[in-house]
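Just so we're aligned: the sequence shown equals residues 1 to 252 in full-length UniProt numbering.
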Amino acid sequence: MKRSSTVRTGVTAAMGVLSLALITGCGGGSDDDSKASESPRPSEASASPATAAAKALGAADLEKLLLVQSDLPRDKIADGDDTLPKSRSELKTDKAACAPLAYALTGLPPGDTDTGASNTVTSEERVGNSFNVSMTSVGLSSYEGDGAAKALKAVSDGIAPCSGGFGITAQGEEMKITKIATGKASGKGDDSVAFVLDADMDGEGTGTFTVEAVRVGTVVSTYYSVDFASMESGKTSAVPLAVIDAQVGKLK
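Here it is as structure tokens:
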């Protein structure tokens, strides 16, 4: 099978859990080697009086905080309701410790809530006579008290026990994660953590992707990207820093 065909198959598998449609364009190199620092391990926060009194935002408020077209005019912002799982109950993992990682991967709340909002960002960059296309799922969730800090810690704590991989089932789709490792976080927001995963591409090898979670106050935003150029070159698909910057900016 030609490499370009393998890449297309791989993208379908990588986004299968998200049920995102395959983009037909392909090609070009990726310049998304964002400058970032090694993910610090989120500390187990003690609840200060201000933190303890913090209130969670509802779904309607979270929807208003999601990126809209005017925030990233060169990209395409799409409602995630039809492409992402709507509830954590729709997603199952074969290892309980890996559930927060799977939730972050699929735009669901990684912490103890089922209230969230999500959408997708598609970016195209012309490289020569072709385009490099990246697709990013963005999820927002909010928590009472120190719940947001605990949500990030749950993601961080899941990396080591899930390093050997785990399975995900969502919306009738199955996805096999073969490896998890600590990634480089953007350092944005009040706290951030990232992990790198290898995913089985339906028997066509593996793809390597980055997932990041960022906390701003009581709100946690999660990001997962797939781009063609990185897959074709065997590099890691990184989350576009412009997407993180724009979303975190709306949460401050």
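Glycine included, C-beta positions come from ideal geometry on N, C-alpha and C.
- Under the rule that a run must span 4 or more residues, the alpha helix (DSSP H) segments found entirely inside the region 110-162 read 147-159.
- Within a 10 Å sphere around the beta-carbon of Ser87 sit fewer than 16 other beta-carbons, which makes this residue exposed.
- Contact annotation: Met231 and Gly207 have beta-carbon atoms nearer than 7 Å.
- In the structure shown, Lys250 adopts helical secondary structure according to DSSP, grouped into three states.
- Of all alpha-carbon atoms in Ala213, Arg126, Asp245 and Leu72, the one lying nearest the alpha-carbon of Lys184 is that of Ala213.
- Distances from the alpha-carbon of Thr120 to those of Pro110, Ile77 and Thr169 put Ile77 closest.
- Remark: fewer than three beta-carbon pairs, one from each stretch, lie closer than 8 Å, so the region 173-180 and the region 138-147 are not flagged as touching.
- Among the bridge pairs identified by DSSP, Tyr223 is matched with Val138 and Glu212.
- One thing to note: Pro109 has its Cβ no nearer than 7 Å to the Cβ of Val155.
- With fewer than 16 other beta carbons inside 10 angstroms of its own, Pro73 counts as exposed.
- The beta carbon of Gln69 sits closer than 6 Å to those of Ile77, all from its chain and outside the five residues before and after it, given in chain order.
- Here Ser233 is exposed, its C-beta having fewer than 16 other C-beta atoms within 10 Å.
- Annotated three-state conformation of Ser89 is helix, per DSSP.
- DSSP places Glu204 in the coil class of the three-state scheme, outside both helix and strand.
- Across the structure, Phe166 and Pro85 are spaced so that their CA atoms are roughly 18 Å apart.
- Here Gly164 is exposed. Its C-beta has fewer than 16 other C-beta atoms within 10 Å.
- Taking all protein chains in view, the Cβ of Gly116 is crowded by 16 or more other Cβ atoms within 10 Å, so the residue is classified as buried.
- Spatial neighbours of Thr93 in its own chain (CB-CB distance under 7 Å, excluding positions within 5 residues in sequence) are listed in chain order as Ala99, Ala102, Phe166, Gly167 and Ile168.
- In the displayed model, Ala54 falls within coil according to three-state DSSP, outside both helix and strand.
- In the structure shown, Leu108 falls within a coil segment according to DSSP collapsed to helix, strand and coil.
- Note on Gly107: 16 or more other CB atoms within 10 angstroms of its CB, so buried under the neighbour-count rule.
- Residue Ala148 holds the alpha-carbon nearest to the alpha-carbon of Asp190 among Val211, Ala148, Ser118 and Ala199.
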